[in-house]
Every structure is written in structure tokens, then in C-alpha cells.
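From first to last, the protein sequence lines stand for chains S and X. Converting from the first sequence to this note's numbering requires adding 402 to each position, the first position being numbered 1. Converting from the second sequence to this note's numbering requires adding 402 to each position, the first position being numbered 1. All C-beta atoms, glycine included, are put in the ideal place defined by N, C-alpha and C. Computed from a predicted model, the values in this text were never measured in an experiment. The structure appears right after this line, and notes come after that.
Protein chains: 2
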Amino acid sequence: MSNLLKEKLQVINMGIPAFSDALKQQGIATTQLDWRPPAAIPLETREYISSQSKTIEQANQQAVQKLLAATPHWVGMGRALDKIPGMKSNLILHSGPPISWQRMCGPMQGGVIAALIYEGMAQTADQAHALASSGEIEFAPCHHHGTVGPMAGIVSASMPVFVVKNESGANCSYATMNEGLGKVLRYGAYDSEVIERLKWMERELYPALQAAIEHLGKIDLKSIIAQALHMGDEVHNRNRAATSLLYRHLAPAVIESCSDRGLAAQALNFINGNDHFFLNLSMAACKASLDSAGNTAGSSLVTVMARNGVEFGVQLAGCGDQWFVGKAPLPDALFFPGFSKEDANPDIGDSSITETCGLGGFAIAASPAIVQFVGGKSRDAIDYTLQMYEITIAENSIYQIPALDFRGTPTGIDVAKVVEKSILPFIDTGVAHKEAGVGQVGAGVLSAPMEPFLKAYQGLAEHIKTE
Amino acid sequence: MSNLLKEKLQVINMGIPAFSDALKQQGIATTQLDWRPPAAIPLETREYISSQSKTIEQANQQAVQKLLAATPHWVGMGRALDKIPGMKSNLILHSGPPISWQRMCGPMQGGVIAALIYEGMAQTADQAHALASSGEIEFAPCHHHGTVGPMAGIVSASMPVFVVKNESGANCSYATMNEGLGKVLRYGAYDSEVIERLKWMERELYPALQAAIEHLGKIDLKSIIAQALHMGDEVHNRNRAATSLLYRHLAPAVIESCSDRGLAAQALNFINGNDHFFLNLSMAACKASLDSAGNTAGSSLVTVMARNGVEFGVQLAGCGDQWFVGKAPLPDALFFPGFSKEDANPDIGDSSITETCGLGGFAIAASPAIVQFVGGKSRDAIDYTLQMYEITIAENSIYQIPALDFRGTPTGIDVAKVVEKSILPFIDTGVAHKEAGVGQVGAGVLSAPMEPFLKAYQGLAEHIKTE
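Below you can see the structure in the form of C-alpha cells.
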């Protein structure tokens, strides 16, 4: 003890980093051990998963290779009723895990109201509300129909959708066209401006883009995403480069296939005015990629993370279509003037499919502008991405991060690593007002909640036992 | 001395870093002093410049504020003969400082041959060669006519040029349209493929773009450059984002102003096929910005760095149109298959106007892909940019580098800092074959040579003395 006070201190700290920070400030050589207590799971489950680790690892390699090999292309467009498998005229799709009309959050109810007015099934919000409550309208998650939607994720029968095909696996995914920012359906707004924009998109934008993609045959989304990561996008909250690259492909085709010059210019101006236009295609590309890895017995690979504004749901490759849900968290956000965290709805939307595919928050080192947006530094963006390598199975050699010397993005979340290391997926997100009809109030970042991953971990153990 | 051998060593090394590297490898705490001997200049000149430092600093602040305040816009197009001040039908402009036909390097002579065939003044390379040697053709630097050209920088009377206006200062600059990669005039190629492409550009692309820019009125190049730096470009060797953003502005205007749909699509496809299309506009934007800072008595600000493939020339704000020249260096490059450094022409082109304006190699931290291209790491790219802050006067708050937490680019080279610190400007560049008619053989990076900066430093002293 007397020696301890004489010698130069060299400290290893385990646990709360504030201790080592204080020592460092006094010039004492201090190493902070990167350790945190494991999540609360029964020892029995942990030991069982551990005993199955070889089987799980093999299944994970099989699943992640399919994910990495996926080659999503935009191949066509059509009306939801004609294209989406199982779509019906009285069915409305929504983001996240299953939820009844009664339990839906404000922005999702707002989106449903917008859809019912858009479909001509209601004239006013009150009528739409009554119809939605009547039992005549059915609701289902987008994910049950190979579809993904940002924020409220509402898809109704007449809406035009992109068709995205994984040409390595022949599976398809679907998404509506992005409406832009401001008052829009996906953030729960439903006034006449919202409905008129959607009608213009159906009447004018959709035929122009449909003709263009028919003219081109297909557009390689994987290539666009790969390039966009070299250009400051993480293709979730930032899509400026991907939208620009898509636009470069589209413009000559729109001109050649659309005989109405005014309409062609309008269609291109609409896309030029919306840096998020690529988002829905990015999401559909991720969905088509992850679906190819689904239904791999024994795999702890996360194939879906999706939020309905009330609950955060997770699906695993090894657990079929089973949902594991927990309470959706509130994002840390930069709020638009006049709004604060009190106005914010809990996390909502299928857009976390990008993180599930190794993009978005997982690739945020490629997009420091997003972290700066919430007061962070470019070093923070790098650290967030580096941490995601801890909970993923592979690195995507096509999707690369310039600031990490073009290292592949951390890809394929392993629920076992999430639970055993207590490191949660990092997600970029937009923030909706909690009341129907208002719209977007901010944008930010958050960590996924632990609850659905804990349940998924236990669910996987049960699935393996019964197989 | 006996104590020295007992105590733990702590070393400061000055000079050759290999000494400190060796000590570090043995675990000895070593600090490498960032110092190098000053360049070889007479003590008298050094003392005189030092005695004038207050005047010089004031002049520099005045000059750099004009540079930072410049707002370059693309405002129109026209034929070189009609737009470029002092242009004549028997005048050919070239890159870099003045040079006679006889002293021109291979690729520049190749570019002149291409221009004479393009103008119909010669039918064959031999005829062009004879005409160029005859004395009937005059030659002058682009920079003498407010113009900039990449590589050989050849501009002849019929060539269409962009007109770029600095709307803060009302001065204009000019540049031809970028031809793309492969066999092109600017790299000294002159076969029929080159001439036909130039003729198509004059006949079809130029009227389409001229109509589009008239329709739009103007395009803000400063805004595009600022965004492109957030998207992986340094707008010299990488222009993919800037070209994409320009294209987004242009496409709807091309459609609305061009009644021939086939031609409109062809024009856009040409731009879409050439990620370097923005380069010439980037250079003209830099030229218009720097010209506003020119002719500031007493200023040591570098307003031009330009190479003619034989000599590297520098101009200063405080020395009017006087050139200070030295031998042009050979770039470190990645060579195309079949070529090596032996095939390379020394550094050539006006494109180092981008570095002079704080972009290109000065902003390379925004564009790690370029450093990777020659085997470097993203950390090297950051270090190159950080070093350029040592020799510049200001930071450009509009042009920012994401990886440096959106710090402004190092802007406004101070010749006194270059000479006194022995830190040379870092430049990105393309590499031309040394013989006429071949074309591009690689791309790379290099440091400017010291000689022109030493001469400029002494020239400044003489200018101040005589003013």
C-alpha cells in the first residue's frame, strides 16, 4: 500500500467511464475496459444457445452469404392491388409489427385517414375515423406482404409502388414513391395538400416513371447504394447522392419515353426537389436482400427491425415470421422550430430495414453530416459504425466506408451478439408528431430497445429445440 | 551522463524522422519536431519581407476576403471568338505560363494539331505541324484571357465556351466543355474520333446546353461545389457528385428548352457518361474567384498555379501579370495498363487553379478515394489537407470538409509561408503521355516545385520596393 502511493499509477477501469475520465484529466495512465454487464437472460437459455453455437454459426454463414450475394434491381412499377401479393381493396398496410386500429399511434392513424380519403372511401377525417373503426377495413404489416414503408408506412390499394427484384434470388419487394418533406402522409398528415400531391403522383409522376423504367428495363440499386456510400449518404436519413445518381439514370429515359415535355420536366423537377426520393428504393433494396436470407433454420441473423410507433419488432432468419416486440423508444432528435421531445411520437417506420442490412446508422461513418445534425463530431460517426462491427456477422465488400479505408459495412445483426455483449443496433430516424395530422417535427438517432432482442434470443432457443 | 543512462529517456528529434521512428520502435517516448530547413533564399530578401510583414498581412486579408466573397455562377455560353476577350481566329490558347510552339511538350503540340484540324485550317497532322511552325498561328496562355483549360488547355476560335461570372465582383472567366476520358484533345490526342466528338459537341451539345442555361438564367457553382465537398468530391480529380448536382439542375431545363427529344436525351446521356463534366466549370469558378483577388498591391497571395507541361508557373496578387516559373515535376501516379512513369509527360494543365482556390489537393480530406487510388489511406488524405492549413491565409466557411468536422478548406496560398516553412502545395492531377497523339496514361498526385515560389517570393520583394 505504501508503494502504491509512491509509484506512478497505471489504472484499468471496468464499468462507468466517468472514473477513468477523471483519472485521465489528472494525467494518470488509464485504460477503460470495454465491458458492460450482459443483458438479463436466464442462464439456462444462455447455456443452451452456447451449446448450439456451431450449428448457429453455420446457419448464420449460410444466411449472411445470401444477404451479401443479393443484387436488388428496380424492375418495374404498378398499383399496389395489382403487384403486392395478398393485397386487397379493403386492406391497409402499415409499418412495424401487427397492431390494431385502436392501438395505433397518432401519426399512423393520420396516415390511415389520408389513405381512406385518397381512396375515395371517406370524404372527411371523421368519416375515415368511423370507417377505420368499423371493422370493414383490414390492417396488416407491410412486412407480411414483402413491402416496406417509411414512418407510418401506409400502403392502400390504388397507390403506385416500385417493384424491386433480387436478381440473385428471384424474390421481390415493394414500396410506394417518396412524397418529399413537409406535410406528407407518411408523417400522419392528411389535409388536402397531402391528398392532392398523392393524386398528382398517381396521375402524372407514376406513368412517367413507369414508362422510363420499362424503357430502361431495370436499374441496379446495389450499384447506386455502393456509390452513394462514397458520396456522403448512409441511404437512410441522407439520400442526396443516391437520389442524384438515380436521377442521372432516369432523366434521359423519362425524356425518351414521355412525349409530353411539360410532364417530363415536372416529373424530373419533383425528384430534383426531394433528396429523399431514393429512400423508399433503398428500403425496398434492403428488404429484397434480407428476404433472401429469411427462413434459415437455426440462424440468429436479424432479418427485420421495424417500428409501428408503439412497438419495436424484430424477426430472425431462424424464427420464420414470428415477431418479437418491445416498447418503441423516443429518438434523440433535432426538432424543427416550435417543437420539442414532448411532441415526438415514439420511433416509427420500416426504414430501420436499412440498418438491418448494414446501412443507415450502421454506415453512419460514411455520413458525418447526420451526426453533426444532432451535435456530434465526425469521430462519433466513426465510433458508432465501429461498434456495430461488434454485433454483426460479416462485412459487405460492395458497400464500403471511405473514412474507414473503404472497409465493408458491418452487415447482418447477430441477436446473440446483441444480447451477450449488450450492444444495441444504432438507428437513424425521422421524428413524427405524436398527434395525427401534424407531420414531421424533427430527425435524429437512437439505439434500438433491448426487449425485442431478448425475446428473440429466447425465441431462437425454443425454435432450435423444437426443430 | 551517468544519470542519462539510468533514467527513462524522453527524446525530442529535429530533422530526419527516421531517428524518432527508430526510438519509438524501442518504446522510447519521442516527439518529432515538425521543422524543416527554410528554402534557399538570400537573407536580405527574407529580412526585407519580414520588415514588410504588416503591410503584406493587410494586403493579404484584403485579397483573401475578395476570394472568399466571390460567388461564381455559370451564366451563359458562346463561341470562344465571340466571348473570350482578345480572342482571334489565328490565336490558340494553352495551359500554363507562356511557351512557344517549338518548346511545347508532346501532348500540348498534339492538342494544337487537334485544334487546327478541328478549325479546318489543316487536314492532316503534318499540315497542322507545318502551319503551327509557320508563324501564322499565335499562342498565348489561357490565363492571359480570363480562361482556364485542363491538361493541354487548348482553346481555338470556334470552340464553345462556358461563361462564368463572379456576381460579387462582376468579372468573368471562360472554359471549354469537358470531352470525357479516353482519347481526347486535352491529353494531346487528335485522331478522327477526337475531332468528331468535338464537332458533335459544337453542333448538338452546345446548342442544347446554351438553351438550357438561357432558360435557367444562371446556375450557382459555389453552391454545387460546397455540396459536392460533402459528397466525396474535391472537384479536381473527382467530380462525380458535382456533375450529378449540375445534371439535376440541367435536365428539366434541357427538356423544356430543347424541342428535339432525341437530342435532349443524347445531351444528357453525354453528361451522364462523364463524371468529369463539372471539372471545367469547377476550374472556371476558381478562376473567377481568384481573379477578384488579383492586383492587390503588396499581397503574397498566390492567384495562379498553372503548368504547360514544361514549366510550372505562379502568379501573385501583389505582382500583377508577372509569371514566376520553374521546371514542371513528374507526378506520382497510378498508370493505366501498359504505361509507366517513363511514358509520363511532366505536370500539365491549368487545373491546379482548384488548389489555388483551396480545393483539389487542398480539400483531399473530403475525397479519400483519390488517395486510395495511389495506395494511400484516408488518414493520409486528412494529413495532406491539414498540412495545407500551414501555408494558407484563411478557411473557406462555405467550402467544408466533413471528415474535419466541417472545417473550412485551407484557402489562399501565401507564398511567404510556402517559402519560409518549406511546405509545398499538394496537387491532384491527370497524367498525359509525353508524345503527341496518345492521350491519358494515368492519374495521381504531386507537390508543386519550390523554384517558382522562390522566384515569386523575391519578385514580391522587388514589387513592394518599387511601389
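8 Å Cβ cutoff met for residue i and residue j
i: S:Tyr859; j: S:Thr549; result: no
i: S:Ala516; j: S:Leu587; result: yes
i: S:Leu652; j: S:Ala628; result: no
i: X:Ala818; j: X:Ile443; result: no
i: X:Thr758; j: X:Val704; result: yes
i: X:Val557; j: X:Val563; result: yes
i: X:Lys751; j: X:Arg709; result: The sequence given here places Gly at residue 751 of chain X; Lys does not occur at that position. Yes, Cβ-Cβ distance for X:Gly751 and X:Arg709 is below 8 Å.
i: S:Leu347; j: X:Ser646; result: Residue coverage of chain S in this structure runs from 403 to 869, which leaves residue 347 of chain S outside it and unanswerable.
i: X:Ala530; j: X:Thr698; result: no
i: S:Gln560; j: S:Arg481; result: Looking at the sequence provided, one finds Ser at residue 560 of chain S rather than Gln. In contact: S:Ser560 and S:Arg481 (Cβ atoms closer than 8 Å).
i: X:Asp830; j: X:Thr794; result: no
i: X:Pro543; j: X:Val716; result: no
i: X:Val776; j: X:Leu736; result: yes
i: X:Gly762; j: X:His638; result: yes
i: X:Asn798; j: X:Ser694; result: no
i: X:Ile866; j: X:Gly696; result: no
i: S:Asn682; j: S:Ala577; result: yes
First and last residue of the uninterrupted alpha helix (DSSP H) at residue i
i: S:Lys867; result: Glu853 to Thr868
i: X:Met685; result: Leu681 to Asp693
i: S:Gln724; result: Per DSSP, S:Gln724 belongs to no alpha helix (DSSP H) and is neither H nor E.
i: S:Ala614; result: Tyr608 to Leu618
i: S:Pro770; result: Pro770 to Phe775
i: X:Leu518; result: Gly508 to Tyr520
8 Å contact criterion, which residue i and residue j should meet: CB distance rounded
i: S:Thr787; j: S:Ala765; result: 6 Å
i: S:Ser691; j: S:Ala472; result: 4 Å
i: S:Tyr592; j: S:Gly839; result: 6 Å
i: S:Leu518; j: S:Leu533; result: 6 Å
i: S:Gly861; j: S:Gln724; result: 6 Å
i: S:Asn747; j: S:Pro509; result: 5 Å
i: X:Met553; j: X:Gly832; result: 6 Å
i: S:Val656; j: S:Ala644; result: Not confirmed; about 18 Å, so no contact.
Boundaries of the beta strand (DSSP E) in which residue i is found, first to last residue
i: X:Met416; result: Gln412 to Met416
i: X:Ala577; result: Cys574 to Thr578
i: S:Asn710; result: Val704 to Asn710
i: S:Asp734; result: Asp734 to Phe737
i: S:Gly478; result: Pro474 to Arg481
i: X:Leu493; result: Leu493 to His496
i: X:Thr831; result: Phe828 to Ala834
i: X:Asn568; result: Pro562 to Asn568
i: X:Pro543; result: Glu540 to Pro543
i: S:Gln802; result: Thr794 to Ile803
Whole-angstrom distance between residue j and residue i, CA atom to CA atom
i: S:Pro419; j: S:Gln434; result: 7 Å
i: X:Gly537; j: X:Asn462; result: 41 Å
i: S:Cys721; j: S:Tyr791; result: 23 Å
i: X:Tyr589; j: X:Gln511; result: 10 Å
i: S:Lys585; j: S:Leu600; result: 11 Å
i: S:Ile784; j: S:Ile621; result: 30 Å
i: S:Gln525; j: S:Ala834; result: 24 Å
i: X:His617; j: X:Ala669; result: 16 Å
i: S:Ser937; j: S:Ile803; result: Past the edges of chain S, shown from 403 to 869, lies residue 937 of chain S, and the structure says nothing about it.
i: X:Gly555; j: X:Cys507; result: 12 Å
i: X:His678; j: X:Asn641; result: 5 Å
i: X:Gly634; j: S:Leu445; result: 48 Å
i: S:Asp662; j: X:Pro654; result: 12 Å
i: X:Ala805; j: S:Tyr520; result: 44 Å
i: S:Gln460; j: S:Gln454; result: 10 Å
i: X:Gly488; j: X:Val477; result: 20 Å
i: X:Phe828; j: X:Leu493; result: 32 Å
i: S:Pro500; j: S:Glu449; result: 32 Å
Within-8 Å CB hit, residue i to chain B
i: X:Asn641; result: Annotation note: the requested chain B is absent from the structure, which comprises protein chains S and X.
What residues in the segment 405-435 of chain S bring their beta carbon closer than 9 Å to a beta carbon of chain X?
Answer in chain order: no residues at all.
Using a Cβ-Cβ cut-off of less than 8 Å, give me the residues of the segment 580-610 of chain S that come near chain X, in sequence order.
Per Cβ criterion, the list is empty.
Could you please tell me which residues of the segment 753-781 of chain X, in chain order, have their CB closer than 7 Å to any CB of chain S?
Cβ contacts with chain S: Pro770, Ala771, Gln774, Lys779 and Ser780.
Mind listing which residues of the segment 645-668 of chain X have their C-beta closer than 7 Å to chain S's C-betas, in chain order?
Interface annotation for the segment 645-668 of chain X against chain S: Ser646, Leu647, Tyr649, Arg650, Ala653, Pro654, Ile657, Glu658, Arg663, Ala666 and Ala667, criterion Cβ-Cβ distance under 7 Å.
Residues from the segment 797-810 of chain S in contact with chain X, defined by Cβ distance under 7 Å
Of all residues in the segment 797-810 of chain S, Pro804, Ala805, Asp807 and Phe808 have a Cβ within less than 7 Å of some Cβ in chain X.
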